[in-house]
Amino acid sequence: MKGQPPTDQSDKQAAQEEEGFDRLVRDNIGWMLFLAARILNDGTKAEDAVQNAFSNIHKGLENFENRANLKTWMHRIVVNEALMLLRKDRQLKELPIDDSYPLFDQNGCRVVDQAVTWETAEMNLTAQQTREIVRDEIAKLPDDLRIVLILRDIEGVSTAEVGKLLELNEPTVRVRLHRARVALKKRLEPLIVRGEL
Amino acid sequence: MNLLVDRTRRRIHGVLFRLPGIVNCEEIEGFILDYLEDELPKCQRQPFNVHLAMCKSCRTYLADYKTTLTATAALSNEGDIALEDVPEDLIAAILRPRCP
Ligand SMILES: [Zn+2]
């Protein structure tokens, strides 16, 4: 065909890069949305976080050399973007009081909780049902505890790395992790007692 | 557990936990994370195990704690949304700025 200018090398390369990016988006957007929604407890905000994340990824991709760790790199970016939105949002919210920490008497002896109650009498939950309950109970934890638990115990991010992401020192991360687990344990106790977990 | 039994148990433990080399439940609480990550120094591991052997409420507590960890970890491999469930306009919005 006449009139059509010959595509030069740089155009072709740019087109290839865009195609590669398109592929990268489609291959990864699913888990990124899921992760952002888990952190933000909100599907719409998760979309914003993922959009911001991909904008950063696109900018950084050119200079990103460690292809083997591409997914880890993207994971950190989306976590960061989600955390940023969470922080912005949280200024409006009061931190709930966490009353789930165990009690000890004057001798440092554990005071055992009395009768845990559970609203539904349903038994023999399916694995899917118990997973949903666990997920819901995690979602109800105070943000400060919830985020540490999600990153460490679900996403498998190291304590040091969680500290970096949240700008906290490691001992603080560890204290929060323990408190988060204890708070979740208390919420799941009715299931545990009935052997559903 | 009935309140009277619990109070008696705690009175006995209150005496036991004052013995040299014995840690109380509250101290155990602070050790759990390290214990489970195998980072508890040997000098603390021994008292930890001795306490567990004596204290049913801490044994139950630790078992429930571990169950909670397992239940949480079970969520780690479910993290995906199928591409067909991702809103197409979101993908379009992500790709748009790069196509002038
Ligand atoms: Zn104890």
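Those sequence lines, one after another, are chains V and X. Position 175 (the first sequence) corresponds to 176 in the numbering used here; numbering is contiguous. Position 62 (the second sequence) corresponds to 80 in the numbering used here; numbering is contiguous. Ideal Cβ positions, reconstructed from N, Cα and C, are used throughout, including at glycine. Just so you know, these numbers come straight off a predicted model, no measurement behind them.
Exercise for review: Count the other C-beta atoms from every protein chain shown that fall within 10 angstroms of the C-beta of residue 12 of chain V, then say buried if there are 16 or more, exposed otherwise.
Suggested key: exposed
Point to revise | Helix, strand or coil at residue 112 of chain V [DSSP, three-state] | key: strand
Review point. Does the beta carbon of residue 28 of chain X sit closer than 8 Å to a beta carbon anywhere in chain V?
Key: Any Cβ of chain V closer than 8 Å to the Cβ of residue 28 of chain X would place that residue at the interface, and such an atom is present.
Check your understanding: So is the beta-carbon of residue 46 of chain X under 7 Å away from any non-hydrogen atom of ligand 1?
Key -> yes
Check your understanding: If residue 135 of chain V and residue 89 of chain X are in contact, beta carbons under 8 Å, what's the gap, nearest whole angstrom?
Key -> 5 Å
Review point. Relative to the C-alpha of residue 176 of chain V, which residue among X:39, X:27, X:49 and X:31 is closest?
Key: X:49
Point to revise | Simplified DSSP state of residue 84 of chain V, which is helix, strand or coil | key: helix
Practice item. Would you decide whether residue 56 of chain X is buried or exposed? Buried here means 16 or more other CB atoms lie within 10 Å of its CB. Key: exposed
Check your understanding: Three or more C-beta pairs closer than 8 Å, one from the region 126 to 145 of chain V and one from the region 58 to 65 of chain X: is that the case here?
Key -> no
Review point. With a cut-off of 8 Å, do at least 3 Cβ pairs link the region 20 to 40 of chain X to the region 161 to 168 of chain V?
Key: no
Point to revise | Assigned exposure category for residue 83 of chain X - 16 Cβ within 10 Å defines buried | key: Counting the other CB atoms within 10 Å of its CB gives residue 83 of chain X a total of 16 or more, which places it among the buried residues.
Practice item. Flag this pair as yes or no: are the beta carbons of residue 38 of chain V and residue 47 of chain V separated by less than 8 Å? Key: yes
Review point. Who are the neighbours of residue 174 of chain V on chain X, taking C-beta pairs under 7 Å?
Key: Chain X residues near residue 174 of chain V: none, gap ~10 Å exceeds 7 Å.
Check your understanding: From V:36, V:110, V:90 and V:60, pick the residue whose C-alpha is nearest to that of residue 155 of chain V; which is it?
Key -> V:36
Exercise for review: Using 7 Å as the cut-off, classify the Cβ of residue 179 of chain V as near or not near the heavy atoms of ligand 1, replying yes or no.
Suggested key: no
Check your understanding: First and last residue of the alpha helix (DSSP H) that includes residue 79 of chain X?
Key -> 74 to 91
Check your understanding: Is residue 27 of chain X near ligand 1, going by C-beta to nearest heavy atom under 7 Å?
Key -> no
Check your understanding: How is the alpha helix (DSSP H) around residue 198 of chain V delimited, first residue to last?
Key -> Per DSSP, residue 198 of chain V belongs to no alpha helix (DSSP H) and is neither H nor E.
Exercise for review: From the DSSP output, in three-state form, read off residue 35 of chain X for me.
Suggested key: coil
Practice item. Name, going along the chain, the residues of the region 26 to 51 of chain X whose beta-carbon falls closer than 7 Å to a beta-carbon of chain V. Key: 28, 31, 32, 35, 42, 43, 44, 45, 47, 50 and 51
Review point. Can you list the residues of chain X that residue 144 of chain V reaches, using a CB-CB cut of under 8 Å?
Key: Ordered by position in chain X, no residue passes the 8 Å Cβ test against residue 144 of chain V, which lies about 17 Å from the chain.
Review point. Using a Cβ-Cβ distance under 8 Å, would residue 178 of chain V count as near chain X?
Key: yes
**Study point:** Segment limits, alpha helix (DSSP H) that includes residue 131 of chain V
**Key:** 128 to 140
Exercise for review: Leaving out five residues on either side along the sequence, give the residues of the same chain with a beta carbon under 7 Å from the beta carbon of residue 91 of chain V.
Suggested key: Taking C-beta separations shorter than 7 Å and ignoring five residues to either side along the sequence, the partners of residue 91 of chain V in its chain run 144, following chain order.
Practice item. Can you tell me which of the three DSSP states residue 93 of chain V falls into? Key: Since pLDDT at residue 93 of chain V reaches only 48, below the 50 mark, its modelled position is unreliable, and the value read off the structure follows with that caveat. Residue 93 of chain V: coil per DSSP, three-state reduction.
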